[in-house]
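Structure first, then comments.
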Amino acid sequence: MSNAEQNRLELNNLLQQRYGPSAATHLRWESVKIGADNNPTWTFIAFIDSIEYGRGSGGSKGSAKEVAAGVALMQLRKQWAHLL
C-alpha cells in the first residue's frame, strides 16, 4: 500500500472498527470529472450513512479520493472521539 492511499486505508480501518464486517455498506463514494480528458479535475465525495463527511479534488481519481478520505477521517475522528 503506497503512502498515496494512506487516508483511504485509515478510513476503511476506522469504519471497520466502528461497524465491523458491515463497514463497506456504510461508505459510498460519488465522483465528478470537470475539464478535458487530457487535463481533468476530479472531485470525490465520501458519504457515511448518506451524510457527506469529505470532499476532495485533484488531477487524478486517486488523488481526489485520497483528499476526500482525509477530510472524512478528520470529521469522523472529531465526531466519534468518545467512541474510539
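Mapping the sequence shown onto the numbering used here, position 27 (from 1) lands on 27, and the numbers just tick up by one. By construction, the Cβ of each residue, glycine as well, lies at the ideal position given by its N, Cα and C atoms.
- [ ] Taking GLY58 as part of the beta strand (DSSP E), name the residues at either end of that continuous run.
- [x] As a working note, residue 58 is residue 58 in the sequence shown. Judged by DSSP secondary structure, GLY58 falls within the beta strand (DSSP E) whose first and last residues are 51 to 58.
Open item on the list: For ILE51, count the other beta carbons within 10 Å of its own beta carbon; 16 or more makes it buried, fewer makes it exposed. Which is it?
Closed with: As a working mapping, residue 51 is identified with position 51 in the sequence shown. ILE51 should be labelled exposed.
Open item on the list: Which of the three DSSP states is assigned to ALA72 in this structure?
Closed with: Position 72 of the sequence shown, counted from the start, is the residue given in the question as residue 72. Shown here, ALA72 sits in a helix according to DSSP, grouped into three states.
TODO: Counting only the same chain and skipping the five closest in sequence on each side, list residues whose C-beta sits under 7 Å from that of LEU14.
DONE: For the purposes of this step, residue 14 is taken as the residue at position 14 of the sequence shown. Taking C-beta separations shorter than 7 Å and ignoring five residues to either side along the sequence, the partners of LEU14 in its chain run LEU73 and LEU76, following chain order.
Task: C-alpha gap between TYR53 and ALA46, whole angstroms - done: Position 53 of the sequence shown, counting from 1, holds the residue named residue 53. Position 46 of the sequence shown, counting from 1, holds the residue named residue 46. TYR53 and ALA46 have their alpha carbons spaced roughly 6 Å apart.
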